[in-house]
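Heads up: the structure comes next, in structure tokens.
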Amino acid sequence: MTTQDRARAWAEAPVGLLRLGTDGTILDANDTFWRWTGRADLPVGEGGLRLADVLTVGGRIYWETHVGPLLSLQGTVEEVAVELRGAQGRLPVLLSVARSAADGPVAYDVTLAAARERTRFERELVVARAEAERAAARLQTVQRVTEALSAAAGVEGVRRTVLGAAVRDLGARSASLWLDGARDGLTFAGSVGEHGSVGEHGSVGERGAVELPPLHGQRVVTASDGVVIVPLAGGRSVHGVLVLTPHDRPGDDPPDLAVLAVVGQQAGLALDRAAMHEQSVSVAHELQRAMLEHDLPADPRFTVTSVYRPGVRDLEVGGDWYDAFLVDDRTLAVLVGDVVGRGLQAAITMGQLRTAARVLAGPRTGPAALLDGLDDFVTRRGVGFMATVVYAALDLGTGAMRFACAGHLPPLHLRDGDATFLWEGRSTPLGVPGAGPRGEHEVRLAAGDSVLLYTDGVVERRDRSLQRGLDLLAEAAARSARHGPWTDGLVERSLDSTAHERDDACVLRLRWHP
Amino acid sequence: MDLAQHDVRLTGPAEAQAMVLAHGFGCDQSMWRYVAPQFADEYRVVLFDHVGAGGADPAAYDPVRHADLAGYADDVIALLDELSLGPVVFVGHSVSAMIGVLAEGRRPDLFDRLVLVGPSPRYVDAPGYRGGFSADEIDELLATMDENYLGWSSVMAPVIMGNAERPELGAELTEAFCRTDPAIARRFARTTFLSDNRADLAGVRAPSLVVQCREDVIAPVEVGRFVHDQLPDSTFALIDAVGHCPNLSAPDELVGAMRQFLGP
């Protein structure tokens, strides 16, 4: 190329070409650049137009904060996407800068390549990527909250979980919860402040000045002051609303209404489940109470007393039960059993076994035969599989007591301060197929003797062996017998298990005094 | 706090007064490479990276804590508590000037003097106040940042040495300067440019120096004067430099102004 050709190539190249001073002043530029910017009328050189002046404001800040420092530090920057404010509107360009190799004062050579198509494509990519990231983040948040909700126990658990999630996961500065009261519409059910402490029910002081706008069905509503109201919609009805006050600091994201709507639904369903669960718990308690709180038989020839201590692990009823009844005028039957499982199902099973035992018991039905009958019942009806039970029938005239244990702990025989476990008459729990014949055994009581039937909650504890538990029970029962009459304190004294882990437990005591 | 979390680097005599140099938005501690060595004879010079920049641990970024500048100020306080160097000279560039103001307001015992380079307590115009930008223009910046999001690290690959015989050097130097985590940088941009800390200036107790460039589109001269007027005890130094980063473009002018303020 001739020198003239080269000069034309510089002037008319399909890219903008510039030389800048160290402060960004345009020292020279080709015709393409001036055509794009339409600023050829302005003076160039010292004190004249700067490249930053023809960028959009965003590009100018970017130049000052990112490109400039890098040029100072490394002398070159490549492919930065900025926009020129041009004669025909904005022109996206890719900018590359390198320290000039020319002699003399430090200068920078710049190329600007038009990037309309590429920029359009890249913007779509950026939008798609941002969308994908947002979707992933949303999914994570929803999953985290849903998991927490499914682990929440009862309405109280859901209440705490929802308020906790509001500030931890949903970006709220503070939040309050209003649940549907029976009569008076929504009632305050707690709040959570900036420091994450969940307020208590009806703590009026924290109620603040939240004015609830009317609910529009099940939609998330943003009030004029930025407060967001999320309905907690269950399967059939709206249980209440979560009222969120979002953060409004510069770096905060605005509340994501789509996520809030999903969380509201999940919380509503969790409240459905909690309500159903609490109902089932209360029915189970009612059933168990009906079964256990009946009058035990009273007779001058014997005394039967019982102690039942519910478990404290959760609200559920356990599977322990007992019964005592006169089979005929001279035979007293006593039973203690334990069914597998907890809750409503366990309560129903107890009731069925108890009724079956009463129906089966008769003057000519010994303990082994009664257990055979229960086996048959369990197999045919499909309830009470693996339940354990101890049955004893006492001849009130002679003191002969025949008993049998289906997988249950042995009766404890008390005489004159001596305690003996009756390890005879043992066989498998109910309903186990292929087990051998049921055995039974007879022990002869003396006047004044007692027998204890009890469940494993009395002797079992995680931090000691079963044998140790049995020993402690025998000691406590013997001590109690020496001190005269039976006292309710026996169970508590022999079983001071730590409250948080204790299972339910029951003890039935029969004393024969003809 | 773990000092490695902020890639803390210490130079200069251990017994000397500490000078903490805090970088601004868009870069990392390498911004101070022409300034820090000039004080390393008389001061215990502390360099660090804000979370999201340079060698700082990105896992330390907390979207709640760092949603406003107070979170960054808390980081500085934790850093100074950990170092326990006595009251320091805190030199904050750009947004770090305001981070220093907030930190000093909370824990004046940690600060002896403040040097604020190109400070702006509010970038967006408000009634009776000219910050230099409209809210729309800040959105434009965020869009520009998004467009340079794709392949950010390769865009900024430096060739400072250009040593073709030893390509392993080039690989090592890639991303050596001004690395920023794009997602964090975008939030930091919002936190930086949408904050309003004008009211915090009056609470500064430490003697302060405002270093203002002759021409600076990010922090114009009138904003620098506003900061000077609001600070209870401040000195104003207008230096002959153009642009927002005199620590890189005019390090000697900046160092000169600092020496005059700090004294011998």
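Protein sequence lines correspond, in order, to chains A and B.
With the first letter of the first sequence counted as 1, position 501 gets the number 500 in numbering that gives the first Met the number 0; the numbers rise by one all the way through.
With the first letter of the second sequence counted as 1, position 63 gets the number 62 in numbering that gives the first Met the number 0; the numbers rise by one all the way through.
The beta-carbon is built from N, C-alpha and C at its ideal position, and this holds for glycine as well.
Comparing C-alpha positions only, which one of the options sits nearest to residue i?
i: A:L547; options: A:L325, A:A345, A:G340 and A:E459; result: Summary: the structure shown does not reach residue 547 of chain A, with chain A confined to residues 0 through 513, and so no result is reported for it.
i: A:W33; options: A:D251, A:G189, A:S95 and A:L16; result: A:L16
i: B:D228; options: B:G242, B:Q16, B:H49 and B:L208; result: B:L208
i: B:G262; options: B:F38, B:I137 and B:D108; result: B:F38
i: A:G342; options: A:L359, A:L286 and A:V303; result: A:L286
i: A:P366; options: A:E63, A:L231 and A:R425; result: A:R425
i: A:P309; options: A:V79, A:D52, A:L444 and A:D503; result: A:D503
i: B:E41; options: B:V87, B:R106, B:D27 and B:D73; result: B:V87
i: B:L237; options: B:A134, B:E146 and B:V116; result: B:V116
i: B:E136; options: A:A386, A:I60 and A:G430; result: A:I60
i: B:G202; options: B:D124, B:G99 and B:V123; result: B:G99
i: A:M400; options: A:R128, A:G430, A:H412 and A:V92; result: A:H412
i: B:R64; options: A:S95, A:T160 and A:R167; result: A:R167
i: B:A96; options: B:Q259, B:S194 and B:P250; result: B:S194
i: A:V79; options: A:A86, A:D462 and A:V96; result: A:V96
i: A:G156; options: A:G189, A:V105 and A:A260; result: A:G189
i: B:H5; options: B:A17, B:P12 and B:L79; result: B:L79
State yes or no: is the C-beta of residue i nearer than 6 Å to some heavy atom of the ligand HEM?
i: A:T186; result: The ligand HEM is not among the ligands present in this structure, which contains no ligands whatsoever.
Which residues does DSSP list as the beta-bridge partners of residue i?
i: B:Q211; result: B:L237
i: A:T419; result: A:H412
i: A:E441; result: A:R401
i: B:S119; result: None, per the DSSP bridge assignment.
i: A:D179; result: A:L185
i: A:A393; result: Here the sequence assigns Leu to residue 393 of chain A, which means Ala is not the residue at that position. DSSP lists A:L331 and A:M400 as partners of A:L393.
i: A:R218; result: DSSP, once it has assigned bridges, lists no residue as partnering A:R218.
i: A:T348; result: BP columns for A:T348 are empty, so no partner.
i: A:A112; result: A:L93
i: B:V114; result: B:V90 and B:L208
i: A:M0; result: Partner(s): none; A:M0 has no beta bridge.
i: A:S190; result: A:S175
How many Å lie between residue i and residue j at the Cα?
i: A:V282; j: A:A174; result: 34 Å
i: A:L357; j: A:T364; result: Note on identity: in this sequence residue 357 of chain A is Arg, with Leu being the wrong assignment. For A:R357 and A:T364, the distance between alpha carbons rounds to 11 Å.
i: A:L452; j: A:A480; result: 15 Å
i: B:A69; j: A:S71; result: 30 Å
i: B:A15; j: B:D111; result: 13 Å
i: B:V210; j: B:G104; result: 20 Å
i: B:G161; j: A:T75; result: Low per-residue confidence applies at B:G161: pLDDT is 36, beneath 50, and the placement is therefore not dependable, though the value from the model is reported in the following sentence. Each residue's alpha carbon lies about 11 Å from the other.
i: B:A218; j: B:N196; result: 14 Å
i: B:A3; j: B:T190; result: 24 Å
i: B:I183; j: B:G51; result: 6 Å
i: A:V303; j: A:V141; result: 57 Å
i: A:R478; j: A:R510; result: 16 Å
i: B:F225; j: B:P231; result: 12 Å
i: B:I76; j: B:S83; result: 10 Å
i: A:A100; j: B:N246; result: 24 Å
i: A:Q139; j: A:L270; result: 22 Å
i: A:W62; j: B:A198; result: 29 Å
i: B:A66; j: B:L9; result: 28 Å
i: B:F235; j: B:M257; result: 11 Å
i: A:H499; j: A:T145; result: Reliability of the predicted coordinates at A:H499 is poor, the pLDDT of 44 falling under 50, and the value obtained from them is presented with this limitation in mind. If I take the Cα positions, the gap works out to 27 Å.
i: A:R573; j: B:E252; result: An answer regarding residue 573 of chain A cannot be provided, because it is not within the stretch 0 to 513 covered by chain A.
i: B:A58; j: A:D251; result: 18 Å
i: B:G53; j: A:T221; result: 39 Å
i: A:D455; j: A:L507; result: 13 Å
i: B:R213; j: B:P250; result: 14 Å
i: A:V161; j: A:V56; result: 43 Å
For residue i, go through chain D and note every residue whose CB falls closer than 9 Å to its CB, in chain order.
i: B:M30; result: Judged by its chain identifiers, the structure shown contains no chain D, and its protein chains are A and B.
Report the residue ranges of all beta strand (DSSP E) runs contained in full by the segment 32-91 of chain A; include only those spanning at least 3 residues, in chain order.
-> 75-85
Which residues, taken in chain order from the segment 132-143 of chain B, show a beta carbon closer than 7 Å to some beta carbon of chain A?
-> F132, E136, E139, L140, A142 and T143
Pick out the complete alpha helix (DSSP H) segments inside the segment 146-181 of chain A, 4 residues or longer, and give them in chain order.
-> 153-167
Output, in sequence order along the chain, the residues in the segment 34-66 of chain A whose CB is closer than 8 Å to any CB in chain B.
-> A51, T55, V56, G57, G58, R59, I60, Y61, E63, T64 and H65
Interfacial residues, the segment 79-96 of chain A to chain B, with Cβ spacing under 9 Å | V79, A80, V81, E82 and P91
Enumerated in chain order, which unbroken segments of the alpha helix (DSSP H) with a length of 4 residues or greater are wholly contained in the segment 249-318 of chain A?
-> 256-291
Chain A contacts made by the segment 244-258 of chain B, where a contact means CB separation under 7 Å = C244, L247 and S248
If contact means a Cβ-Cβ distance below 7 Å, which residues of the segment 64-76 of chain B contact chain A?
-> H65, A66 and D67
Return the residues of the segment 240-263 of chain A that lie within a Cβ-Cβ distance of less than 9 Å from chain B, sorted by chain order.
-> H246, R248, P249, G250, D251 and D252
If you measure beta-carbon to beta-carbon, which residues of the segment 189-218 of chain B are closer than 7 Å to chain A?
-> R189, T190, L193, S194, V216 and I217
Anything in the segment 109-127 of chain A with a Cβ closer than 8 Å to a Cβ of chain B? List those residues in chain order, please.
-> T118, E121, R122, L124 and V125
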